[in-house]
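UniProt numbering numbers the first residue of the sequence shown as 1 and each following residue consecutively. First comes the structure, then the notes that go with it.
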Amino acid sequence: MIDSAWQAFLRLLGEPFRLWRSSLLTRTVAITVTLSGLAVTVIGGYMSLTIADSLFFGRVNQILSETARATSTAQALFDNSVTAAGAIDVETANTAAQTAIRSAQSSPGGSGFAILRTPGQITPQTMTSTSTAGLDVSVVSAPLRSTVVTNPGPIHYQSVSITVDGQQRPAIVTASSLQVPSAGQYELYLIYDLSDVQATLTLIQQVLVGGSLALVVTIGVVTFFVVRLAIGPVRQAAQTAERLAEGFLEERITERGEDVIAVLARSFNKMAASMQRQIVRLANLSKVQQRFVSDVSHELRTPLTTIRLAGDVLYGQRESFTKENARTVELLITQIERFESMLTDLLEMSRYDAGAVALEVDEVNIVPLIEDCLDQLGPLAEQKGSRLVLEVRGGYGECEVDQRRLRRIVLNFVGNAIDHGEGNPIVTFIDSNEEAVSIAVRDWGVGMKPEEVDRVFDRFWRADPSRQRTTGGTGLGLAIATEDAAAHGGRIDVWSKLGEGSCFRLTVPRRPLAPWSLSPLPLPPEVSPAPGEIVADSTEGALR
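Following this line, the structure appears as structure tokens:
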């Protein structure tokens, strides 16, 4: 249960990757949306920062101007409060200055002010430090006060945070210096709530984010439809090509318009029509060739039978002939037998080409069948100095095969090994699993080059045409063996290396045309040789 759930989870994770690999439309839309999103994010971020700076510094300049005006008004009131005798009522002047400051602090967000005495002064009079009711003077930081004391000329400001109704809000504190006659230096602090600026910035940012998302979605949707419109003909071309590959030669692409896609469609259709004509022509030629081979093979049967009968009569009387004539009769019989074998192979190939082959399936044990094949070729192997070895690793169970065709494949494998084995031992392996049965024939003879391995199943092809053959083959054996294996739903694989020999492996399912995945035997199989009998095995070489 856990394994199935985990596999389902892995499949779910792999679905996006599969979609990414298989869909050009998905990749295009995803890349476009991603790049557009990055571009919109960068541009939107830059715009947001620019707008924030503009709002903030615009408000700061307004507040600084207001602070300068309030400072100038308060300082003028203090200066004008001095009588002709040089006396001053600092508290009265303080009250008047507070009224003037309140009037000057007209910008939105003005939260109050504070007039604080600069510490460390000894003066004839002392004016009481005052602040707006409810104002938290602690928002005025010590560094700001120190800056005002050391540099009293300009107006200073500092961003702070104030608490209003239990909530933290952004604010700004401006600071300036006041000289009160007889009372010394005082500091004027004006506090402004910037919540309205923050609200404006938040609204602008929300609009930017919403607009950016809408823009990216719009780009994605537009890209989807544009790309879909653009790749539609390409997809149709791919589907049409697949149908053509499946044999539906009448399939064509719909032609619309005069643009480059229409030109592509017309060119594709012209190519398809040309291919159809060529394929039909070649198919007709192939049928004619197959019919010719079949007809000639059948027509040659009768004269060949007559020739064979006459040859048998002559062969039976050869002892009464001269030595030269007797040898001629023997050669005649040999060539007649070879001609008969070639004619039989040609008829078999023509049946495969015509699709007229039907398996005669029986439940058999593979091991006795292979033993019988080796017994049949044993005398030929002895003539060449080769020893036939059978190594059975499995395959004792019954399987459904056409005995005649399987025997023909094995005889061909072993016969070729005898011809090319250079007198070395020849090992036949048998093994099986739940799905398939495998038979491999390994020799340690001349071997083949990689380019020869690629052509080994071609009809009438021989690696060395001048080489003397013990089994008298026609050059069609492996081609017929391949067709026999395919008729069972199996396959023939080859390993070969020049100077180290070859290995032919047949793998067929236990039931004809049943699915199978893994051959029971490796290629080539590992061998446990007897001392001095079999050379060391090798896993290098050409494979097919």
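Heads up, the beta-carbon is just placed ideally off N, CA and C, and yes, glycines get one too.
Boundaries of the alpha helix (DSSP H) in which residue i is found, first to last residue
i	result
PRO368	366–384
THR71	24–80
ARG145	142–150
VAL90	90–104
VAL456	That residue, VAL456, is in no alpha helix (DSSP H); it is neither H nor E in DSSP.
Cβ pair residue i, residue j closer than 8 angstroms
i	j	result
GLY112	ILE31	no
ILE253	ALA265	yes
LEU144	ALA114	no
SER502	ASP454	no
GLN421	GLY447	As written in the sequence, residue 421 is Gly, which differs from the Gln given in the question. Contact flag unset, no.
THR482	PHE460	no
CYS373	VAL410	yes
ILE172	LEU188	no
LEU77	ALA104	no
ASN36	ILE231	For the sequence presented, residue 36 should be read as Ser rather than Asn. Cβ atoms of SER36 and ILE231: not closer than 8 angstroms.
GLU251	ALA262	no
ARG408	ILE480	yes
MET127	ASN80	no
SER161	GLN168	yes
LEU478	ASN412	yes
GLU400	ARG281	no
ARG117	SER129	yes
Close beta carbons around residue i, own chain, < 6 angstroms, minus the five adjacent residues each side
i	result
LEU543	Its pLDDT being 40, under 50, LEU543 is placed unreliably in this model, and the coordinates cannot settle the point.
SER131	ALA114 and VAL137
THR539	Below a pLDDT of 50, predicted positions are generally treated as unreliable, and THR539, at 36, falls in that range; the measurement from the model is reported next regardless. Around THR539: no qualifying Cβ.
ARG327	none
GLN236	ILE253
LEU135	GLY112
Host beta strand (DSSP E) of residue i (start-end)
i	result
GLU483	No beta strand (DSSP E) holds GLU483; the alpha helix (DSSP H) holding it covers 477–488.
GLU187	184–193
ASP443	436–443
LEU523	Careful: LEU523 lies outside any beta strand (DSSP E) and carries neither H nor E.
PHE504	501–509
LEU411	Looking at the DSSP string, LEU411 is not in any beta strand (DSSP E); the run it does join, the alpha helix (DSSP H), is 403–420.
ILE426	426–432
ALA175	167–180
Own chain partners of residue i with C-beta closer than 8 angstroms, once the 5 adjacent residues on each side are dropped
i	result
ILE155	LEU64, THR67, ALA68, THR71, THR174, ALA175 and SER176
GLN75	LEU178 and GLN179
TRP20	THR26, ARG27 and ALA30
GLY210	none
GLY532	Caution is warranted here: a pLDDT of 37 is assigned to GLY532, below 50, making its placement in the model unreliable, and the coordinate value is therefore given only provisionally. Within the same chain, GLY532 has no close Cβ partners at all.
Same chain, Cβ closer than 7 angstroms to residue i, neighbours up to 5 away in sequence not counted
i	result
ILE204	ILE51
SER519	ALA436, SER438, ARG505 and THR507
LEU55	VAL197, THR200 and LEU201
Rounded Cβ spacing between residue i and residue j (contact assumed at less than 8 angstroms)
i	j	result
ALA487	ILE426	Between ILE426 and ALA487 the Cβ distance is about 26 angstroms, and since that is not below 8 angstroms, they are no contact.
ILE336	ILE307	6 angstroms
PHE429	ALA440	4 angstroms
GLU398	VAL364	7 angstroms
LEU377	LEU359	Incorrect: roughly 24 angstroms between the Cβ atoms, too far for contact.
GLY490	SER432	Not a contact, Cβ separation roughly 13 angstroms.
PRO124	SER48	The pair is not a contact, with the Cβ atoms about 55 angstroms apart (cut-off 8 angstroms).
Neighbour-count burial assignment, residue i, 16 or more Cβ in a 10 Å radius
i	result
LEU513	exposed
TYR186	buried
ASN151	exposed
GLU452	buried
GLU91	exposed
ILE492	buried
PRO515	exposed
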